[in-house]
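One structure is given here, and the rest of the page talks about it.
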Amino acid sequence: MAVQRIDKLLAAMGLCSRKEAAAYARKGSIAVDGVVCRDASQKIDPDRVCLTFGGQPVGYQEHVYLMLHKPLGVLSATEDREQRTVLDLLPGVYRSRGVFPVGRLDKDTSGLLLLTDDGALGHHLTSPKHQVSKVYHAVADGALGQADVDAFAAGIRLRDGTQCRPAKLEIRSVTDGKSDVLVTVQEGKYHQVRRMLAARGAPVLTLERLSEGDVVLDSALKPGEWRELTAQEIAALRYEI
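Residue 95 is where the sequence shown starts when you use this note's numbering, and the numbers rise one by one after that.
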């Protein structure tokens, strides 16, 4: 990795501002290979030296990739003056790095939401031309059948005339006039899964995203909990592009 200024590196990781880094350096809070560094403008190769900040090793990451189990009632946005957003569920270090949600889950939808500060990857994952599959679990108010499966496969036309790409509808069960289904789409139109099912006369009662590409929601994460993606999961997302 190319050498970088210490203050710029610490700021990129969200640990402090560049101005604050200079002050921390003067206080002796920064060390390189165990030697106190009083000059935050010093350039280092973070792959070749041990940088510590406040006595703690700094493991440099160019980008961060997070998996969040988005709970109901939270906005997929970076900020909102009146309502809680997904960024409010994360530690401040991620917010200061400029992490953003990859695509959106509406307020009344739960499940897998990816967040990153990697703009290029975020763009590729949300671009319709790359056809990244997203799988949703829904409970719909209506008894769906083979005609609906065929309609999804052909491409649903929404009530406003919008044409959707072919999608997959898997009916897991139908009980008391309610259908438990899995829906797989490769695009992300506004409220798309809800509108597709409504177009078939089966409005959504509950909706949860289970996966995006080859990344599956970690069953160990409770609503509101998050974790960093593994190297394998990051590689899988990059393969999608």
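Glycine included, C-beta positions come from ideal geometry on N, C-alpha and C.
Report task. Just grab the DSSP bridge partners of ILE124 for me. Result -> PHE147
Query - Residue environment, THR210, which counts as buried when at least 16 other CB atoms sit within 10 Å - result: buried
Report task. Pull up the CB-CB distance for LEU169 and ARG175, whole angstroms please, since I reckon it's below 8 Å. Result -> Not a contact, Cβ separation roughly 11 Å.
Query raised in the report: Can at least three beta-carbon pairs, one atom from the stretch 237-244 and one from the stretch 184-192, be found at a separation below 8 Å?
Result: no
Report task. Could you pull the start and end residues of the beta strand (DSSP E) that THR324 belongs to? Result -> Looking at the DSSP string, THR324 is not in any beta strand (DSSP E), and its letter there is neither H nor E.
Query raised in the report: Ends of the alpha helix (DSSP H) at ILE250?
Result: Taken as a continuous stretch (DSSP letters only), ILE250 belongs to no alpha helix (DSSP H), as it is neither H nor E.
Query raised in the report: Given a threshold of 16 other Cβ atoms within 10 Å of its Cβ, counted over all protein chains shown, does PRO140 qualify as buried or as exposed?
Result: buried
Query raised in the report: Near GLN225, what residues of its chain come up, given a Cβ to Cβ distance below 6 Å and the 5 sequence neighbours on each side ignored?
Result: GLN280
Query raised in the report: Under 8 Å, do THR220 and GLY197 count as touching if we go by C-beta distance?
Result: yes
Query raised in the report: Grouping DSSP H, G and I as helix and E and B as strand, with all else coil, what is ILE335?
Result: Annotation note: pLDDT 46 at ILE335 (below 50); position unreliable, no value reported.
Query - C-alpha gap between ILE335 and LEU215, whole angstroms - result: Interpretation of ILE335 is limited by its pLDDT of 46, a score under 50 that renders its predicted location unreliable; the figure taken from the coordinates is listed afterwards. Cα-Cα distance, rounded: 8 Å.
Query - 8 Å Cβ cutoff met for ALA116 and ALA134 - result: yes
Query raised in the report: From this set, THR324, GLY307, GLU114, LEU183, which residue's C-alpha is nearest HIS218's C-alpha?
Result: GLY307
Query raised in the report: With burial defined as no fewer than 16 other Cβ atoms inside 10 Å of the residue's Cβ, what is the status of VAL277: buried or exposed?
Result: buried
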